[in-house]
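In my numbering, the protein residues as written are 336 to 518.
All remarks here apply to the structure that follows.
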Amino acid sequence: MLIGYARTSTLEQMAGLEAQTEALKAVGCEKVWIEQTSSVAKRQELETAIDYCREGDVFVVTKLDRLARSVRHLGELVERLDSKAVGLRILDLGLDTTNATGKLMLNVLGSVAQFEREMMLERQREGIAKAKAEGRYKGRKPTAQAKADDVLGLLRSGHTKRSVAGKLGISERSVYRVAKLAG
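In structure tokens, the structure reads:
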């Protein structure tokens, strides 16, 4: 059985999520788990999808960066899949770990992807440092604080912190922070 997993980092990336889902279904995935969360956050749907896999299944993602955040994480996921006798297929790379060549290529490409991400982060840090030195860097606009009145109003009307976060499109942690600052 082909089992698919699609992920985007933010809610604004709906088109990307739909494109991944369509691609997974087009190759024959019978079950597809969908998730909208950062790669560093807890990914419950990924865990559920891997737990669902059985011997002989193939776990399918559209791109390597939708699955793993580092070579180490990729290795851990591949080890878990291997222990269940489940293959891994990455569509955009034409990679399939059900053979030795696919496993080798996965390790090489995983290393290249991690290197690319580290280089991007390094360039980003350099750009931020330069902008700060020139007095042009202001940082990210605090979106949750701008919605503090709405947060407090919903909390007073009996909504849970989780539902407030969902309604306002902010993190649950931000709701707690606003509530704590308000006393």
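Cβ coordinates follow ideal geometry from the N, Cα and C atoms, glycine included.
Distance from the CA atom of Arg460 to the CA atom of Gln480, rounded to whole angstroms, is 25 Å. Annotated three-state conformation of Leu337 is strand, per DSSP. The alpha-carbon separation between Leu399 and Ser492 amounts to approximately 44 Å. Of the candidates Ile425, Ala358 and Leu337, the residue whose Cα lies closest to the Cα of Tyr387 is Leu337.
The residues Leu490, Glu507, Val510, Tyr511 and Ala514, in chain order, have a CB closer than 8 Å to that of Lys496 in the same chain once the five nearest residues on each side in sequence are set aside. Annotation: Leu428 is outside any alpha helix (DSSP H) and is labelled neither H nor E by DSSP. With at least 16 other beta carbons inside 10 angstroms of its own, Ala341 counts as buried. Looking only at Lys473, Ala358 and Thr372, the smallest Cα-Cα distance to Lys366 is reached by Ala358. Beyond the five residues adjoining it in sequence on each side, Arg424 comes within less than 6 Å, by CB distance, of Val393, Val395 and Asp431 in the same chain, given in chain order.
Around the beta carbon of Gly445, 16 or more other beta carbons sit within 10 angstroms, so the residue counts as buried.
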